[in-house]
Amino acid sequence: MMSVENLDYRVEHLRDRLAREDIAELGVRVEARGAWVMVWGTLADAASRAAVLRIVADELEGVPWHEDLTVHRVGPPGAAEVLS
Numbered sequence: 015m016m017s018v019e020n021l022d023y024r025v026e027h028l029r030d031r032l033a034r035e036d037i038a039e040l041g042v043r044v045e046a047r048g049a050w051v052m053v054w055g056t057l058a059d060a061a062s063r064a065a066v067l068r069i070v071a072d073e074l075e076g077v078p079w080h081e082d083l084t085v086h087r088v089g090p091p092g093a094a095e096v097l098s
């Protein structure tokens, strides 16, 4: 079993990497919850989400983790809602 100190170190390293790499995702939250890690937040596009998931999987290899990452749509609205 991984020590709390080691897990905290890996979580902090993940946060640093998410902030400094090309994606610079500061809106992603990472938190150790007992023996596992939760990653959540809203991202600008699917490519950013995929990049974050790749980095998380790399940094947390061997650690159970869960994610709740959503993609925020930016652009024109879709079709008008039709009310009957």
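According to this note's numbering, the sequence shown holds residues 15 to 98 in order.
Every residue, glycine too, gets a C-beta built ideally from N, C-alpha and C.
Euclidean distance between Cα positions of residue 31 and residue 80 = 18 Å
In the DSSP assignment, what are the bridge partners of residue 45?
-> Residue pairing by DSSP puts residue 45 in a beta bridge opposite 52.
Please list, in chain order, all residues of the same chain as residue 37 whose beta carbon is under 7 Å from its beta carbon, the five residues on each side excluded.
-> Excluding the 5 residues flanking it on each side, residue 37 has same chain C-beta neighbours closer than 7 Å at 62, 65 and 66, in chain order.
Which first and last residues belong to the alpha helix (DSSP H) in which residue 21 is found?
-> 18-34
Just reading off the alpha helix (DSSP H) that residue 73 is part of, what are its end residues?
-> For residue 73, the enclosing alpha helix (DSSP H) has its first and last residue at 60-73.
What are the partner residues of residue 81, as DSSP defines its beta bridges?
-> Paired residue(s): 53.
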